[in-house]
Amino acid sequence: MDFELSERSEAWRDKLQAFFDREVLPRHRSWLEHVAGKGETAPFMGELQQKARAAGLWNLGLPELADNEPGTRLSNLEYAPLAEIMGRLFWAPEVFNCQAPDVPNMIALQNSATPEQKARWLQPLLEAKTRSAFGMTEPDVASSDATNVATRMVRDGDEYVITGRKWFITGAAHPQCSFLIVMGVTDADGDRTRRHSCIIVPMDTPGVRLVRRLRWMGCEDHVAPIGEIALDNVRVPAANLLGAEGEGFKVAQIRLGPARIHHCMRSIGLCELLIELMMVRSSERSAFGRTVIEYDTIQRWIAEARVELEQARLLAYRCAWRLDQAGHHDAWRDVSLIKVAVPAMLQRIADRAMQVFGAMGGSDDTPIHQALAWGRLLRIGDGPDEVHLRQIFRMERMPTWSIANSPYLSARPS
Ligand SMILES: Cc1cc2nc3c(=O)[nH]c(=O)nc-3n(C[C@H](O)[C@H](O)[C@H](O)COP(=O)(O)OP(=O)(O)OC[C@H]3O[C@@H](n4cnc5c(N)ncnc54)[C@H](O)[C@@H]3O)c2cc1C
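The sequence shown begins at 1 in the working numbering and counts up by one.
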């Protein structure tokens, strides 16, 4: 295992960093004013995307990008340091067409779509001409157990008729979202893991209704607004089925590994920013005769954040490396490890940063409260901590010795 970044990765990281410093960061205040402030589209996004694409900084999170697809193919490990840079601003991934949930959806389409489906749905996503969403979670069932998903998908001739309700669907409330990948039940009597299928549902199909836009801890997701969606007798062609009937879990799992690790990579970049914010703020304020950064407590918080962050980064790199080497089947444990470790770290570091900033830390003047909410969200979204911890526990091996005969313990006197 070698975690030195390859020359290629370093070159792309430096290129992305320079682009970020020159083109993206200087527009952040304008983005805040237009998008976060007024709910408008960023006036510069199209132009920025064109520039990024021309520089090859496009579709970077797709290790299986085909030669005829636009963008630069990077391995997961090569992508990790680039995703970190993007993670410093919530909207930056969109500039490079690297935003969730579109990238995981692209990966699902790359793996499971027919050539016709790819031409109709994947190609426009790769070109950033449309947006997408993935609909699994439902209000009426505990969706952390995906086998509970109850939306009905009944075959009727060469169509499926879909009825159900989905909520907390990231991106579904985006005005450009043109399709959902919906998970539903096609064989209610089948084996628990073969009951479900995934199907592409165009948003403009009669019976698809955006019920409401949802916020999370008071925060709006401006990049991929979250929606609740009602599906009432929605008829879509059977040709929209993604993968075979009964393969719903397979399709979902293919996209979940990358979805989780990409969130973690970006969150690590966000933690770097939080450390910088703590350093600068605490060195600029004085209380009780000293600059705040001179207090042991503050130094300890910053140092502890650094310790946690470096551990998390190595774990993320190992996870990325495993995904590259062995594919998502063999990286499953690493994905769960990182999925638990990083959101908890982000929450802790954001909490400390908020404390260092005092009242300002919870205001809209800083991104800290959003970082805190984001860390909290990631402990639930894409599977709650408890489910991942259960998986991790299940992969622990029971030692072959007992307490009475353990070679590691002293012998008890007879
Ligand atoms: C902002 C946001 C965006 C989201 N985006 C999407 C999206 O784009 N698409 C989508 O389909 N979903 C999305 N989700 C939904 C998310 O994936 C689900 O909320 C998550 O899977 C949990 O499902 P649930 O809410 O039904 O909770 P439940 O399944 O009801 O679980 C509630 C709690 O039960 C406990 N629990 C569950 N299982 C176990 C266990 N095995 N052991 C111990 N405790 C357990 C946990 O504490 C868990 O948090 C999003 C959620 C949020 C908050």
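Where a beta carbon is used, it is the ideal one built from N, C-alpha and C, also for glycine.
Keep in mind that this is a model prediction, so the values were computed, not measured.
> Which of the three DSSP states, helix, strand or coil, is assigned to LYS166?
Replying inline: strand
> Do you know whose CA, among ILE107, GLY190, PHE90 and ILE199, lies nearest ALA373's CA?
Replying inline: PHE90
> Any heavy atom of ligand 1 closer than 6 Å to the CB of ARG390?
Replying inline: yes
> If ILE261 sits next to GLY87, beta carbons under 8 Å apart, how far is it from one beta carbon to the other, in whole angstroms?
Replying inline: Contact flag wrong, Cβ pair sits at about 12 Å.
> When DSSP builds the beta bridges, which residues end up paired with HIS196?
Replying inline: VAL185
>> Please give me, in chain order, every unbroken run of the alpha helix (DSSP H) with length at least 4 that falls completely inside the stretch 246-291.
In response: 248-284
> Under the criterion of a Cβ to heavy atom distance below 6 Å, does PHE134 qualify as lining ligand 1?
Replying inline: yes
>> Quick check: what's the CA-CA separation for ARG215 versus LEU32?
In response: 17 Å
> What do you reckon, are the CB atoms on THR163 and ASN233 nearer than 7 Å?
Replying inline: yes
>> At the level of alpha carbons, what is the spacing between CYS98 and LEU82?
In response: 10 Å
>> Taking 7 Å as the threshold (C-beta atoms), are VAL251 and LEU241 in contact?
In response: no
> If you follow the beta strand (DSSP E) that VAL236 is part of, which residue opens it and which one closes it?
Replying inline: 226-237
>> Rounded to whole angstroms, what is the Cα-Cα separation between THR193 and GLY184?
In response: 12 Å
> Is ALA151 near ligand 1, judged by its Cβ being under 6 Å from some heavy atom?
Replying inline: Per the sequence presented here, residue 151 reads as Thr, with Ala not at that position. Result no, Cβ not under 6 Å from ligand 1.
> Thinking just about the alpha-carbon of each residue, which of ALA119, THR114 and PRO101 is nearest to the one in ASN68?
Replying inline: ALA119
> MET136 by DSSP, collapsed to three states: which one?
Replying inline: coil
>> Let's see if you can read the secondary structure: which residues bound the alpha helix (DSSP H) around MET398?
In response: Here MET398 belongs to no alpha helix (DSSP H), and DSSP marks it neither H nor E.
>> Using a Cβ-Cβ cutoff of less than 8 Å, which residues in the same chain neighbour MET1 once the five nearest sequence positions on both sides are dropped?
In response: ARG318 and TRP321
> So, using beta-carbon positions, are VAL141 and ALA150 closer together than 7 Å?
Replying inline: yes
> If you check the beta carbons only, do ALA128 and VAL24 fall under 7 Å apart?
Replying inline: no
>> Considering Cα atoms alone, identify which of GLY218, ALA173 and VAL154 is closest to ASP189.
In response: VAL154
> Within this structure, are the beta carbons of MET265 and ALA316 separated by less than 7 Å?
Replying inline: yes
> Since ALA259 contacts ALA113 with CB under 8 Å, what's their CB separation in whole angstroms?
Replying inline: That belief does not hold up - the Cβ atoms of ALA259 and ALA113 are roughly 17 Å apart, past 8 Å.
> How many angstroms separate the CA atom of TRP301 from the CA atom of ARG352?
Replying inline: 7 Å
> For SER144, is the beta carbon positioned less than 6 Å from some heavy atom of ligand 1?
Replying inline: yes
> Hey, LEU323 and ASN148 are a contact pair by Cβ (cut 8 Å); roughly how many whole angstroms apart?
Replying inline: Actually they do not touch by this definition, with Cβ atoms about 27 Å apart.
>> Can you tell me where the alpha helix (DSSP H) holding VAL211 begins and where it ends?
In response: Where VAL211 is concerned, there is no enclosing alpha helix (DSSP H), although the beta strand (DSSP E) it sits in stretches over 208-214.
> Between the stretch 329-342 and the stretch 2-21, do at least 3 Cβ pairs fall closer than 8 Å?
Replying inline: no
>> Are there any heavy atoms of ligand 1 lying less than 6 Å away from the beta-carbon of ILE169, as far as the coordinates show?
In response: yes
> Using the beta-carbon count (16 or more within 10 Å), is LYS38 buried or exposed?
Replying inline: exposed
>> Any heavy atom of ligand 1 closer than 6 Å to the beta-carbon of GLY493?
In response: Residue 493 lies beyond the stretch modelled for the chain, which goes from 1 to 414, so this question has no answer here.
> Cα separation between LYS339 and GLY46?
Replying inline: 32 Å
>> On the DSSP bridge list, what partners appear for TYR160?
In response: ARG155 and VAL236
> With which residues is PHE179 paired in a DSSP beta bridge?
Replying inline: SER132 and PRO202
> For the stretch 328-404, which segments carrying the alpha helix (DSSP H) assignment without a break, of at least 4 residues, lie completely within its bounds, in sequence order?
Replying inline: 332-357, 368-378 and 385-394
>> Cutting at 6 Å between CB atoms, please list the residues of its own chain near VAL211, excluding the five before and the five after it.
In response: GLU228 and ALA230
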